[in-house]
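In this note's numbering, the protein residues as written are 62 to 304. Don't be surprised by glycine CBs; every beta carbon is placed ideally from N, CA and C.
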Ligand code: NDP
C-alpha cells in the first residue's frame with residue numbers, strides 16, 4: 062500500500078469497474094472523488110473520505126470544478142482513473158451517427174478532459190499517475206465494434222503520446238485494456254441481435270468468469286507500484302477468451 066494516501070479521482074464510478082475500484086481504494090482509506098451522472102449510485106456506497114459528484118465527463122467545466130473542489134479538501138490529485146465509457150455496438154453501414162458521436166465524446170474527449178485537468182499540476186510536482194481505461198478493442202478489431210474500436214484505439218494512441226510527454230516529469234501514464242467482462246456496459250447497445258450474439262460468443266468460449274473486481278484490483282496494483290515503475294499497458298481478459 063502507498064503510505065500517506067493522496068487523492069484518487071475515478072470517473073464512471075457508478076457501476077462496473079469504477080464502482081469496484083472505489084470499493085477497493087476505500088478499503089485502504091484513500092480519499093476519493095467519484096464522478097458519474099448517477100450520483101445516487103455512488104452515494105449509496107457511503108464510503109469514507111469520499112466526495113461524489115454528478116459530472117458528465119464531456120463537460121470539462123463541471124469536471125474541473127469537481128476536481129478542484131476535492132483538491133481543496135484533500136490536496137492535489139495523485140491518481141486519476143479515466144474509466145467512464147460507453148459501448149454502443151453497431152454495424153458501420155447502418156448505425157446511427159449519433160451513437161458514433163456519443164462514443165467519441167465520452168470515450169475520447171472525456172479521457173482527454175480528465176488528463177488535461179490534472180496534467181499541469183502533476184508536471185509541476187513531478188509526480189502523479191494517470192490511468193486510462195482503453196480496451197482490447199483499442200488494439201485489435203472485433204465485429205460490430207467499428208466506432209467503439211475507433212474510440213478505444215484513440216485512447217490507446219493518445220495515452221502513448223501523453224506517456225512520452227509526461228515521462229520527463231516523472232508522471233506515469235498507463236492504460237489498461239480489458240477483454241469482455243460482465244458489467245452494465247453491453248446493455249446500452251441498441252441492437253438486440255448484437256447483444257445476443259455477443260453474449261452467445263462469451264458463453265460458447267466460456268469467457269464468463271473474470272469479474273469487474275478483478276480488473277479493479279489490477280488497476281489498483283499498477284498504481285501502488287513505486288512511482289519509478291510504469292506498467293505501461295495491461296491487457297487483461299478471461300483466460301478462456303479466444304480473441
Ligand atoms: P459500465 O457501463 O458498468 O460503467 C460505465 C461507467 O461510465 C458508469 O459509471 C457510467 O455512469 C459512466 N459514464 C458513462 N457515460 C458517462 C459520462 N458521459 N459522464 C460520466 N460518466 C459516464 O461499464 P464498465 O465498467 O464495463 O466500463 C468501464 C470502462 O471500461 C469503459 O471505458 C469501457 O469502455 C471499458 N471497458 C469495458 C469492458 C467490459 O467488457 N466491461 C472491456 C473493455 C473496456 P453514469 O451512467 O452514471 O454516468
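Would residue 269 pass as a contact of residue 297 if the rule is Cβ separation under 8 Å? Here residue 269 refers to the residue found at position 208 when the chain shown is read from its first residue. Here residue 297 refers to the residue found at position 236 when the chain shown is read from its first residue. Cβ atoms of residue 269 and residue 297: not closer than 8 Å.
Endpoints, beta strand (DSSP E) assigned at residue 197: If you number the chain shown from 1, residue 197 lands on position 136. No beta strand (DSSP E) contains residue 197, which DSSP labels as neither H nor E.
Nearest by alpha-carbon distance to residue 176: which of 162, 194, 80 is it? Residue numbering aside, residue 176 sits at position 115 when the chain shown is read from its first letter. Nearest C-alpha to residue 176: 194.
Straight-line Cα distance separating residue 257 from residue 149: Against the chain shown, residue 149 aligns to sequence position 88. Against the chain shown, residue 257 aligns to sequence position 196. Approximately 14 Å between the Cα atoms of the pair.
C-alpha distance - residue 109 paired with residue 90, whole-angstrom precision: Within the chain shown, residue 109 is the residue found at index 48, counting from 1. Within the chain shown, residue 90 is the residue found at index 29, counting from 1. About 7 Å.
What first and last residue would you give for the alpha helix (DSSP H) that runs through residue 254? Position 193 of the chain shown, counted from the start, is the residue given in the question as residue 254. Looking at the DSSP string, the run of the alpha helix (DSSP H) that includes residue 254 is 253 to 266.
Any contact between the stretch 81 to 95 and the stretch 161 to 172? By contact I mean 3 or more CB pairs, one from each, below 8 Å. no
Specify the secondary structure class of residue 271 as computed by DSSP and reduced to three states. Position 210 of the chain shown, counted from the first residue, corresponds to residue 271. Looking at residue 271 - three-state DSSP - the assignment turns out to be coil, as it is neither helix nor strand.
Out of 142, 80, 117, 262, which one is the CA nearest neighbour of residue 102? By 1-based counting over the chain shown, the position of residue 102 is 41. Among 142, 80, 117, 262, the Cα nearest to that of residue 102 is on 80.
Just tell me which of 222, 286, 280, 169 has its CA closest to the CA of residue 208. Within the chain shown, numbered from 1, the residue matching residue 208 stands at position 147. With distances taken between Cα atoms, residue 208 lies closest to 169.
Got a sec? Which residues, its chain only, sit under 6 Å from residue 64 by beta carbon, not counting five neighbours each side? Start at 1 with the first residue of the chain shown, and residue 64 comes out as number 3. Below a pLDDT of 50, predicted positions are generally treated as unreliable, and residue 64, at 45, falls in that range; the measurement from the model is reported next regardless. Counting only Cβ-Cβ distances below 6 Å, and skipping sequence neighbours, we find nothing.
Just to confirm, is the Cβ distance from residue 140 to residue 69 under 8 Å? Residue numbering aside, residue 140 sits at position 79 when the chain shown is read from its first letter. Residue numbering aside, residue 69 sits at position 8 when the chain shown is read from its first letter. Yes, they are a contact pair.
Residue 13 versus residue 117 - alpha carbon distance: No statement about residue 13 is possible, as the shown extent of the chain runs from 62 to 304 and does not include it.
Does the ligand NDP have even one heavy atom less than 7 Å from the beta-carbon of residue 84? As a position in the chain shown, residue 84 is number 23, starting the count at 1. Checking every heavy atom of the ligand NDP against the Cβ of residue 84, none is found closer than 7 Å.
Out of 236, 66, 191, 289, which one is the CA nearest neighbour of residue 199? In the chain shown, counting from the first residue as 1, residue 199 sits at position 138. Ranking the options by Cα distance to residue 199, first place goes to 236.
Per DSSP, residue 115 forms a beta bridge with which residues? Along the chain shown, read from residue 1 onward, the residue named residue 115 stands at position 54. The partner list for residue 115 (beta bridge, DSSP) reads 97.
Would you kindly work out how many angstroms separate the C-alpha atoms of residue 302 and residue 263, rounded to a whole number? Taking the first residue of the chain shown as position 1, residue 302 is located at position 241. Taking the first residue of the chain shown as position 1, residue 263 is located at position 202. Using only the alpha carbons, I get a separation of about 8 Å.
Contact test: residue 125 Cβ vs the ligand NDP heavy atom, cutoff 7 Å: Residue 125 sits at position 64 when you count from the first residue of the chain shown. Outside the cutoff, so no.
Cβ-heavy atom distance between residue 117 and the ligand FAD below 7 Å? Looking for the ligand FAD in the displayed structure turns up nothing; the ligands present are the ligand NDP.
Measure the beta-carbon distance from residue 151 to residue 255 and round it to whole angstroms, keeping in mind my assumption that it falls under 8 Å. The residue labelled residue 151 in the question sits at position 90 within the chain shown. The residue labelled residue 255 in the question sits at position 194 within the chain shown. Rounded, the Cβ-Cβ distance is 7 Å, consistent with contact.
Does the ligand NDP have a heavy atom nearer than 7 Å to the CB of residue 245? On the chain shown, residue 245 is found 184 positions in, with the first residue counted as 1. Yes, the ligand NDP has a heavy atom inside 7 Å of this Cβ.
Among 231, 196, 246, which has the Cα closest to the Cα of residue 215? Working through the chain shown from its first residue, we reach residue 215 at position 154. Measuring from the Cα of residue 215, the nearest candidate turns out to be 196.
Any heavy atom of the ligand NDP inside 7 Å of the beta-carbon of residue 242? As a working mapping, residue 242 is identified with position 181 in the chain shown. Yes.
Rounded to whole angstroms, what is the Cα-Cα separation between residue 204 and residue 259? Along the chain shown, read from residue 1 onward, the residue named residue 204 stands at position 143. Along the chain shown, read from residue 1 onward, the residue named residue 259 stands at position 198. In a straight line, the C-alpha of residue 204 is about 10 Å away from that of residue 259.
Measuring only between beta-carbons, confirm whether residue 94 sits less than 8 Å from chain D. Note that chain D does not occur in the displayed structure, where there is just one protein chain.
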